[in-house]
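Here is the structure we will look at, set down as structure tokens.
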Amino acid sequence: MSLTLHVIRKDARCLRLAWALWLSLAAAELALVALAFNSAFANAEAYSHAMRAINSLVLLWAIGGYLLAAGVILQDPPVGTKAFWLTRPISGMGLLRSKAIWVFAFLVLAPALVWVPWGVYCHFGAAGIFWGLVGDGRLALLVVFPACVIAALSGNAPRFMLYNVLLAAFVAASVAILAAAGKGFIKIDMPLLLLSVFGAAAVIVQYACRRRWLSVGLAAAGIALVLVSAVLWPNAALGRGRPRVTGSPAAALITAKIGPHRLIRLRDGRAFALQLFIDLTGLPADVALDTGYADVSLEWPDGSHLRFDGVRLSTRDIPSETYSGKPDAVAAVLRLPRRPPDLLDPESLAKFRDSWTRGQERMVRRDPTWKARPVPDYSQSQPLTVAYAAWIEVAPEVATRIGASPPRCVVSMDAFLVRPLVVATVALGHPNGESGDGARVNVQSSEMSYIPELKNTYLDASIVYDSAPNCPLQSFVYDSRGGKPGDVWENGFFSGTEMNAFPRADLGFISVHLPAGRLWRTDHWVEDPAWRPSARLVAVTLESAGSFNRVLQADRLVPNWGGEP
Amino acid sequence: MNTIETRNLSHRYGRTEVLHDLTLEVPEGRVFALLGANGAGKTTAIKVLMNLLRPSAGSARVLGVDSVRLGPAELGRIGYVSENQEMPGWMTVRGLLDYCRPFYPTWDRGLESRLLREFELPEWRRIRDLSRGMAMKAALLSSLAYRPRLLVLDEPFSGLDALAREEFVHGILEVAGFGEWTVFVSSHDIEEVERLADTVALLDSGRLSFAESTDSLLGRFRRIEAVTPSGDPRPPPGMLEWSREGARVRYVVGDYSADQLGRWAGEQGPGASAEAVPMTLREIFIALARKSRSRAKEAAL
């Protein structure tokens, strides 16, 4: 062990300047984040620049980490006959141990530790900080591990660069091949696992017995296996890796059925994709839908069938205007956006159709090439929650066959439920911040950015936020309360993460519109009587609320033919 | 006991065999020189001995261990200096010694200090900033200070000026004088080897021509300078480099004996005389190399 530490010290001495410079990139990123969170930037544009700078730093950091990892391996390359260590009393495995510890300590753990003070400052809690460390470490590992494998197999800098060029060409070719094979959705876990196992095996073989062609062969076999498995493995293999969550009591209340809208999409006049809708009802009020997977089987009377496994189910829109959990936020509000008009009475439905038609006519007047879309076939019989859509890309011949001879459809689905939780409530009106429950949110400015000529009645609020890895922020809700406790008027703003700062993937900056508190009346502004000066922004996360599975059947698919998606 | 033994050792690079059936023994305590022209296979032989390359056939034992099984225990008793070795150029000389020291339980700090002084190495200069001679001396120092039982030197004199060679040889001779240490040196620099080696072997196109003690080699090779006034002198069997200018004849014999020379001179007729001139290792090497080249040309024709 003392020799292992001795080699580690040697590498640390050799690379100390480069490493310090590299680590300072992470520190600089942290400093910029801290500045952004503490009102150091004057306006939204400045924030935007700061976030771009952070992303650039992160890119530099990733490249630097890649080169540093290669550098530490190439200090004592296990390839060739000229390396100094080869004739010194240290075994290949001993050297590998030193290198592995060095890479882990200096390139994986150290940059993750840089962010610990930030987690403490943001009150992410011990669990949040720990999982943040794990997440950051995993991302750093994604950067340095390939560099270690390639460096261990190349042995010198020029060959390392050559192998990188070959790898880049391979990745580009793989993407093209997968696209050609129609593999639009591939779970990355299995290829990553295969690459990791074969890459590690290649490195161990190289250090243990220095048989380069055996090691390169192992690595190449791993890469080939990934490609072959991605192209040839049935989708079922991909579906097996899907996440599983324990059942939820709420799941018992849910009913699901294959909806009436089964769409076959057309492109250039040829059918190419089948879209199934799955309708869910009985979703508890405090629960929202997350993603899901389904195995879809189409069966024709003559006994022939087609099977599509691991098809991803996606919600057409994630409910955004939802939150619950804070002491005075008594009501959980779950609404599906783009509310279908079947909720409306016949008069409202007629208004909707009229509005749609006029809107399309307006678009045609504005742009003669615009093709007016027909009014969506909403009806009152349509279920309330058309929740899931399953897209299955099929050959045009298959789609045509489905249209000509509608098959029986069996769907075995797994769906995941989430529960919205409020993690921070920030008062508006002046720069303000809030941290706790795993997230830190700062409203940097709420400024009038409207142009008077446009009669814009909105403010732009600049929000900087970060959240612990187990607490991703899903949305910001504008909350202006009435006089009666428990009354909530919410105005939802879905956030996502507009600016993803790697490796802190949950760090983000967003600019949202807020009611300005004034209205334009013919030729002058008046105060908005509904304006509540005590308005707040509520940051919402989604916690897992279990899962449910069902087997659904439709005796006969009745496809509608659709146009361009 | 032999420090190094090889049995029918061969090594191929693809289809090219660069070492063919090498069988030799290096007894403990000897300074053994492996000579040969460029491309003769000397470096390959050493790389196989050091487990840097695997033999294609045959076997080698170093310090009693199969060369392919050489591990830290054996490498802790072997010093290796090669012109091909990549030194950690970013280290200072002091840093190099500090780095190497913990690997060797037998490291002798007194010897380190003495050699550092004698080699006049600048302690705080980076290896990459040293001259070639200085860098080789630093490598030698880092391979001597733990008193290895076997010191392997691969072309150590390449690119060194006369003074650097002198100091380098001096260092090696000093090691050789320390006790039962074995030095295995490969070189095509014969003058330096002659001063060092007590046993030499010649590698010719991957094949061993001979391996014997320097004294024996210098004893059996002679340049014969003869005067044969009458008749057509007949070359003796096995001679090398036959040349004749009128009555004067010169050639080299590899199995000199005064009786044999006297008999040959007598066979050349009345008035013939012959004198045997001792040869240097360099002259022997050149004579053998020319013989080998002419044999190769004949084979090619």
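Chains as they are written, first to last, in this note's numbering: chain A, 1 to 565; chain B, 566 to 866.
Using N, Cα and C, we set each Cβ at its ideal position, and we do this for glycine too.
In this text, all values refer to a predicted model and were calculated from it rather than measured experimentally.
- Using beta-carbon distances, T87(A) counts as an interface residue toward chain B, with a partner under 8 Å.
- Within 10 angstroms of the beta-carbon of L253(A) lie fewer than 16 other beta-carbons, which makes it exposed.
- Counting only residues of its own chain and dropping the five nearest sequence neighbours on each side, I463(A) has a CB closer than 6 Å to the CB of V443 and I510.
- DSSP assignment within the segment 755 to 823 of chain B yields the following whole alpha helix (DSSP H) runs of 4 residues or more, N-terminal first: 755 to 761 and 779 to 785.
- The C-alpha of F684(B) is placed about 27 Å away from the C-alpha of K612(B).
- Three or more Cβ pairs closer than 8 Å define a contact, and the segment 650 to 666 of chain B meets that threshold against the segment 689 to 702 of chain B.
- Non-local C-beta neighbours of G724(B) in its own chain, meaning closer than 6 Å and more than five positions away in sequence, comprise R697, ordered along the chain.
- Bounds of the alpha helix (DSSP H) holding M699(B) are R697 to L709.
- Straight through space, the alpha carbons of R159(A) and P191(A) are spaced by roughly 25 Å.
- Within chain A, the residues placing a beta-carbon under 8 Å from that of E651(B) are K82, A83 and F84, ordered along the chain.
- For the set R408(A), G310(A), L428(A) and V538(A), the Cα lying nearest the Cα of F476(A) is the one of V538(A).
- With contacts defined by Cβ atoms closer than 8 Å, V144(A) and Y207(A) do not form a contacting pair.
- Considering only beta carbons, no part of the segment 41 to 61 of chain A lies closer than 9 Å to chain B.
- Under the three-state reduction of DSSP output, T608(B) falls in the helix class.
- For the segment 717 to 742 of chain B, residues whose beta-carbon sits nearer than 9 Å to a beta-carbon of chain A comprise V717.
- By the rule that beta-carbons nearer than 8 Å mark a contact, Y578(B) does not touch chain A.
- Between V765(B) and L782(B), the C-beta spacing is below 8 Å.
- Rounded to the nearest whole angstrom, the CA to CA distance from A350(A) to W356(A) is 10 Å.
- Note: C409(A) is bridge-paired with L298(A) and A554(A) in the DSSP secondary-structure output.
- In the DSSP assignment, W115(A) forms no beta bridge with any residue.
- Taking H305(A) as the centre and dropping the five residues before and after it, the same chain places the C-beta of S297, L298 and E299 closer than 7 Å to its C-beta, in chain order.
- Every candidate beta strand (DSSP E) stretch fails here, since none sits fully inside the segment 78 to 123 of chain A while reaching 3 residues.
- Residues of chain B whose Cβ lies closer than 7 Å to the Cβ of K10(A) are, in chain order, Y664.
- Look at Y388(A) here: in three-state DSSP terms it is strand.
- Between A256(A) and the set A554(A), A399(A) and R312(A), the nearest pair of CA atoms involves A554(A).
- Residue S575(B) holds the alpha-carbon nearest to the alpha-carbon of A605(B) among I789(B), S575(B) and V591(B).
- Under the DSSP assignment, D719(B) falls outside any alpha helix (DSSP H), being part of the beta strand (DSSP E) whose first and last residues are L715 to D719.
- The C-beta distance from G644(B) to L695(B) rounds to 19 Å, too long to fall under 8 Å, and the pair is not in contact.
- Chain-order list of chain B residues neighbouring I101(A): empty, with the shortest C-beta distance near 17 Å, by a criterion of under 9 Å.
- Scanning chain B for C-beta atoms nearer than 7 Å to the C-beta of S91(A) yields G636 and P637, reported in chain order.
- Using a Cβ distance threshold of 8 Å, L25(A) and L60(A) count as a contacting pair.
- Close to S2(A), with beta-carbon spacing below 8 Å, are these residues of chain B in chain order: P667.
- With distances taken between CA atoms, F786(B) lies nearest to V818(B) out of R666(B), R799(B), F597(B) and V818(B).
- Taking CB atoms only, W655(B) has a neighbour in chain A less than 8 Å away.
- No Cβ-Cβ contact shorter than 8 Å links H753(B) with A638(B).
- Interface with chain B (8 Å Cβ-Cβ cutoff): C14(A) is included.
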